[in-house]
Amino acid sequence: MGKRKKLMVVTFILGILLVSSVLAISLGTIGATSGSSGCENKRIGLVGASNTWDTNPDGSALGPSWRNVNIIQEMCPGSTVFLNAKGGTWPGTQVSLLQAVLLNDNLDYVIIDPSANGQQDSSGITPQQYKDAVINLAKIVKDKNKNIKVIMLTNTPTKGNPSDYGSPTTIQRIKDFNADLLNNKLGVPNLIDFAVATYSAIENPTGSDACGKYCASNGGGLGDGIHFGPSGRRVVIKTIVDTVFKKISTPVLSSTSTGPVGSNVQSSGVSCLNLQRCNEIDEVWRLSLGIFIRGVTEIWDPLVLPPKWREFQQTQPGVTVTPGIPSVGLATGPCSQGMSNIEGKYCIDKWEATIYNKNNPSQQASVYYPAKTSQANSLYNLWSNGWKGTLPPNSAYQQMPERGPEAQQGFEPLAVSQPNVIPNMYVTKEIAEQACLNAGKRLCTESEWVQACKGSSSTQYPYGGTYVDGKCNTNQAGKYPPGVVGWTNVIPTNQFDPGDPRNGKAAVDISGVRQTGSFSGCTNSYGVYDMVGNLAEAVSTPSSSGNALFKGSAFMRSGNNLNCNDNIGAHAPTYTDYSFGFRCCSDVGQQASIPSSAPIVGASYNSAAKKLYNDLLTKTNNLNLVKAVVANSVAESQVNPTAAGDCGSYGEKNNGLEILGKGKCCSFGLWQYNICGGMGTGFLQAYGNPSTSEGKFAVLNDYQKQIDYMFTVLQQQYSSKINEQMSVDEWVAWFVVNIERPANQATQIKTRQKIASDLQAQGVFNTGSASQSSVQTSTQTSSSDIKQQLKNVAEAEYIKWGKGTKKESDSDMIPVVQNYFSVAGCAGLSPTIDPWSAAFVSYVAKEAGVTDFPVSCLHTAYFRSIKDNPGTCKAYPMSEKSKVQAGDIVCACRVTGSETDCSIDFNDVKGFSHCDIVVNNLGGGKVEVIGGNVNNNVEKRERDLNVDDVGRRWYGFLSCG
3 MGKRKKLMVV
13 TFILGILLVS
23 SVLAISLGTI
33 GATSGSSGCE
43 NKRIGLVGAS
53 NTWDTNPDGS
63 ALGPSWRNVN
73 IIQEMCPGST
83 VFLNAKGGTW
93 PGTQVSLLQA
103 VLLNDNLDYV
113 IIDPSANGQQ
123 DSSGITPQQY
133 KDAVINLAKI
143 VKDKNKNIKV
153 IMLTNTPTKG
163 NPSDYGSPTT
173 IQRIKDFNAD
183 LLNNKLGVPN
193 LIDFAVATYS
203 AIENPTGSDA
213 CGKYCASNGG
223 GLGDGIHFGP
233 SGRRVVIKTI
243 VDTVFKKIST
253 PVLSSTSTGP
263 VGSNVQSSGV
273 SCLNLQRCNE
283 IDEVWRLSLG
293 IFIRGVTEIW
303 DPLVLPPKWR
313 EFQQTQPGVT
323 VTPGIPSVGL
333 ATGPCSQGMS
343 NIEGKYCIDK
353 WEATIYNKNN
363 PSQQASVYYP
373 AKTSQANSLY
383 NLWSNGWKGT
393 LPPNSAYQQM
403 PERGPEAQQG
413 FEPLAVSQPN
423 VIPNMYVTKE
433 IAEQACLNAG
443 KRLCTESEWV
453 QACKGSSSTQ
463 YPYGGTYVDG
473 KCNTNQAGKY
483 PPGVVGWTNV
493 IPTNQFDPGD
503 PRNGKAAVDI
513 SGVRQTGSFS
523 GCTNSYGVYD
533 MVGNLAEAVS
543 TPSSSGNALF
553 KGSAFMRSGN
563 NLNCNDNIGA
573 HAPTYTDYSF
583 GFRCCSDVGQ
593 QASIPSSAPI
603 VGASYNSAAK
613 KLYNDLLTKT
623 NNLNLVKAVV
633 ANSVAESQVN
643 PTAAGDCGSY
653 GEKNNGLEIL
663 GKGKCCSFGL
673 WQYNICGGMG
683 TGFLQAYGNP
693 STSEGKFAVL
703 NDYQKQIDYM
713 FTVLQQQYSS
723 KINEQMSVDE
733 WVAWFVVNIE
743 RPANQATQIK
753 TRQKIASDLQ
763 AQGVFNTGSA
773 SQSSVQTSTQ
783 TSSSDIKQQL
793 KNVAEAEYIK
803 WGKGTKKESD
813 SDMIPVVQNY
823 FSVAGCAGLS
833 PTIDPWSAAF
843 VSYVAKEAGV
853 TDFPVSCLHT
863 AYFRSIKDNP
873 GTCKAYPMSE
883 KSKVQAGDIV
893 CACRVTGSET
903 DCSIDFNDVK
913 GFSHCDIVVN
923 NLGGGKVEVI
933 GGNVNNNVEK
943 RERDLNVDDV
953 GRRWYGFLSC
963 G
């Protein structure tokens with residue numbers, strides 16, 4: 003029977019089947035109980051061992067019918083499953099598998115399938131140790147987020163295995179453990195929400211303690227009495243679904259089942275004489291059940307291929323719905339203004355984004371510069387008066403475009419979706435991610451972007467399956483900006499540099515880049531515009547090579563680069579030019595917001611925060627990590643080491659302790675150590691595990707012990723991670739996810755990133771003494787603070803580079819140099835080809851808090867700018883070298899090309915140069931310096947400022963502060 007004829011049959015017999023199916027459900031003959039809650043659209047983690055994994059030991063994928071992810075998603079439509087499983091583990095070593103799954107935010111459930119390894123005689127693991135290890139897995143989940151529901155499975159049968167897995171002792175241990183889990187939830191009902199009897203589900207025959215047909219080789223198993231095949235896996239997942247969600251799932255047939263006759267899972271004695279006919283009946287059966295389950299919230303749509311359930315949309319009276327044309331009055335679901343609802347799965351901006359100032363939403367950023375202050379200013383300096391500033395006399399665009407709020411410190415990008423405006427160009431992936439986050443949204447994944455572009459009909463173009471010239475803003479190869487723009491003495495005169503902001507201005511002037519929504523035919527039934535053409539758009543998914551990925555082509559591209567599948571993936575995440583833009587996505591029901599511009603952190607916290615910052619610097623040279631740790635302390639306790647918090651009902655019901663008038667609180671100190679089952683437990687154990695309330699209180703409120711223990715945990719559990727160099731925002735997010743683990747992580751990350759920003763602006767992260775009893779209200783930074791910061795950052799970078807042992811070509815150092823280039827405003831240069839010593843100095847200055855440092859990829863450019871326009875830093879000739887201190891920047895000319903000697907006049911700074919950061923003044927004109935791109939790494943060297951060598955002559959130094 004053909005698919006369409008079959009659908010006609012559905013319409014005729016649907017009523018009869020619906021009645022009979024509902025009756026079967028009410029009588030309990032379908033094989034599952036009905037209920038109001040289900041697992042549809044849930045985010046589910048699954049951790050297990052060899053009966054759970056979806057790959058072979060060699061890493062190749064198992065067949066589709068074996069994969070637990072597929073089975074769960076079939077039984078729980080719309081669910082997202084995060085699976086991590088490995089054979090040969092025991093619950094004590096399944097911790098790393100679980101931690102990897104918990105990296106995924108907003109999980110609703112975590113299914114834990116504890117490995118039976120550890121139960122056998124030869125394991126050397128006692129029953130109590132095994133039980134404790136399983137409990138620990140549940141505790142890790144609850145420490146991450148107490149709202150995640152933990153589903154714990156029993157061990158499955160092992161009798162018949164030739165090793166000691168099948169011994170009577172092992173079998174009895176397994177049965178004792180299972181009974182404890184099912185009857186008592188291992189004594190921790192606060193940690194285990196659901197216990198599922200998968201042992202009895204797999205046991206075959208009943209009472210045999212064996213897995214029988216499910217493990218038999220002729221039944222798809224491995225024939226070893228332990229490992230079952232696809233049918234066994236389906237039985238396990240169905241048991242979970244029926245136990246936890248009490249919903250109708252695809253039944254597993256038994257000899258008395260009234261379920262679908264065409265099911266792939268059949269017990270012995272049940273056969274299907276005509277598979278095609280059985281499958282057709284199954285489809286009708288599932289359809290009738292689906293209508294019963296879904297009610298009027300979804301409808302079956304036979305006009306799409308393949309036919310599928312979709313969200314029911316009630317049209318308003320008088321509204322005509324035309325395919326491909328969005329209609330006013332269509333119910334689009336709970337998406338924010340300016341966004342479209344995509345099949346009830348997520349929301350996406352209707353138009354390419356424009357950027358405003360998060361801290362003053364009335365200010366729109368210039369569309370011609372990157373919406374990141376350091377990068378925007380670098381680009382402006384680079385082209386207006388820097389090394390690419392030479393233009394021919396007849397240039398049509400001599401003047402740089404007008405600046406916006408992105409030129410000022412304190413600017414933060416905020417993405418806005420609106421029609422009839424020029425969207426922001428010069429967008430990097432990093433800027434797009436931050437702008438979306440600040441708007442309460444996120445950058446779209448590639449799959450989300452492509453689905454929204456193709457529309458409900460899933461065509462290659464937003465408007466259909468065949469290219470139509472002029473439908474979208476594409477194929478305008480003749481509208482490249484005029485060639486005169488951006489001519490330099492570096493680039494051939496018949497080319498231009500797309501990074502020059504003047505090119506963006508020209509692209510708009512010649513109607514290359516157009517206002518959002520200008521091409522009314524470049525849309526689909528979802529009501530999204532310009533997804534092909536105008537600007538290529540950043541997505542969160544990296545390209546196959548690990549670079550940033552931009553989708554949808556741009557106005558000047560032609561040929562095959564005009565459809566929803568077009569990729570641009572050759573650029574680093576920090577690269578940008580006039581052809582790159584973005585739009586945002588969000589979860590359905592997540593309302594975008596414009597955050598308040600008011601600082602979260604008041605001056606009353608500054609003194610304690612400054613003291614904590616200085617004290618933490620004795621533990622690590624990773625400045626950004628320290629800033630994140632301080633920001634989290636402000637959020638958790640307002641930097642109060644004696645603050646006690648209430649863990650809510652979790653603390654009241656479980657292990658809440660009376661602590662000297664504090665009541666049954668269970669979180670204490672700077673980072674609110676949780677002694678009801680979190681880090682506080684280890685904290686107390688580390689200091690003798692006192693038994694009395696007074697003893698606990700003395701440990702919990704000890705300021706130095708709190709600091710010491712925090713870094714003990716970081717060094718023991720994350721020894722390699724804490725040496726990585728990430729931005730403050732990245733460290734804040736990492737700390738929230740891995741250490742603090744609040745329930746509302748996404749919101750807390752944004753809040754704490756704002757706290758860190760406020761602390762930075764208020765001068766808290768400048769080194770120097772601070773009394774905890776005094777209140778620091780000044781935002782001014784002393785000279786010694788700035789110099790110390792410059793030295794600290796340089797030393798930290800030196801350590802990052804293995805104290806001179808790593809090379810720029812090392813895979814882990816390439817992104818480090820790329821970040822230097824990005825900060826210096828010359829993103830896209832090659833770490834192994836282009837010089838990066840000036841970018842290194844620029845990076846160090848910015849990280850040290852020198853907010854007005856004129857970053858550049860040429861030493862002479864920033865030196866000349868500081869000399870002509872002194873601010874935090876001032877320039878001095880080397881004749882005043884006696885004033886040089888640690889934290890100053892010393893500069894010398896260097897030879898290049900065919901030169902044999904060099905000279906730079908302090909009063910006319912130009913040419914090639916190299917500068918280093920002084921970290922120690924050794925006296926007598928000798929200094930110890932750290933510099934970048936020295937022998938292709940970061941090196942520490944001794945220099946004599948009294949000696950001018952051929953090829954290196956000192957001409958001046960910069961003193962900041």
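Residue numbers (the numbering used here): 3 to 963.
Ideal placement from N, C-alpha and C gives every residue a C-beta, glycine not left out.
Everything numeric in this text was worked out from a predicted model, so none of it was measured.
- Of the other Cβ atoms in all chains shown, fewer than 16 fall within 10 Å of the Cβ of S449; this residue is therefore exposed.
- At a Cβ-Cβ threshold of 9 Å, M77 and K240 count as neighbours.
- Excluding sequence positions up to five before and after C962, its CB lies within less than 6 Å of the CB of I788, V852, T874 and C875, all in the same chain and listed in chain order.
- Burial is judged here by how many other beta carbons sit within 10 angstroms of a residue's own beta carbon; N948 has fewer than 16 and is exposed.
- Bridge pairing for M154: I114 and A197 [DSSP].
- Closest by C-alpha distance to L109, out of S124, I46, F584 and K347, is I46.
- Across the set A454, A373 and T461, the C-alpha of A373 shows the shortest separation from the C-alpha of E435.
- DSSP places L384 in the uninterrupted alpha helix (DSSP H) bounded by T375 to S386.
- When the alpha-carbon of D589 is set against those of F552, R444 and S460, the nearest one is in R444.
- In the three-state DSSP reduction, R69 falls in the coil class, being neither helix nor strand.
- According to DSSP, I891 shares a beta bridge with I919 and L960.
- In this structure, the CA atom of A355 is about 22 Å from the CA atom of E345.
- In the three-state reduction of the DSSP assignment, N821 falls in the helix class, which pools H, G and I.
- With the rule of 3 Cβ pairs closer than 8 Å, the region 720-731 does not count as touching the region 689-704.
- When rounded, the separation of the alpha-carbon atoms in I137 and V198 is 15 Å.
- By the Cβ-count criterion, S844 is buried, with 16 or more other Cβ atoms from all chains shown falling within 10 Å of its own Cβ.
- When the five nearest sequence neighbours on each side are left out, the beta carbons in the same chain lying within less than 8 Å of the beta carbon of D123 are those of D166, S169, T171 and T172, in order along the chain.
- In the three-state scheme derived from DSSP, where H, G and I count as helix and E and B as strand, E638 is classed as helix.
- The residue from M880, M728, N70 and W451 with its alpha-carbon nearest to that of N567 is W451.
- Remark: C-beta atoms of N938 and E810 approach each other more closely than 9 Å.
- L104 and N147 have their C-alpha atoms some 9 Å from each other.
- In the DSSP assignment, L99 falls within the alpha helix (DSSP H) that extends over V97 to V103.
- Residue state for R175 is assigned as helix, using DSSP reduced to three classes.
- By the Cβ criterion, the region 546-553 is in contact with the region 575-586, since at least three pairs of Cβ atoms, one from each stretch, lie closer than 8 Å.
- Per DSSP, P415 is not a residue of any alpha helix (DSSP H); the beta strand (DSSP E) it occupies stretches across P415 to S419.
- In this structure, the alpha-carbon of P164 lies about 8 Å from that of D226.
- Checking the DSSP bridge columns, you'll see C524 has no partner listed.
- Judged by beta-carbon spacing, D907 lies beyond the 9 Å limit of Y864, meaning their Cβ atoms are not closer than that value.
- The beta carbon of V701 is closer than 8 Å to those of F685, L686, Y689, G690, P692 and K707 in its chain, skipping five residues each way along the sequence.
- Judged by DSSP in its simplified three-state form, V243 adopts helix.
- Judged by DSSP secondary structure, G583 falls within the beta strand (DSSP E) whose first and last residues are F582 to F584.
- For Y216, the secondary structure class from DSSP, reduced to helix, strand or coil, is helix.
- Under the three-state reduction of DSSP output, Q764 falls in the coil class, being neither helix nor strand.
- It is roughly 21 Å from the alpha-carbon of A181 to the alpha-carbon of A51.
- The residues G340, M341, S419, R585 and C586, in chain order, have a CB closer than 7 Å to that of D351 in the same chain once the five nearest residues on each side in sequence are set aside.
- Residue range H861 to D870 is occupied by the alpha helix (DSSP H) that includes H861.
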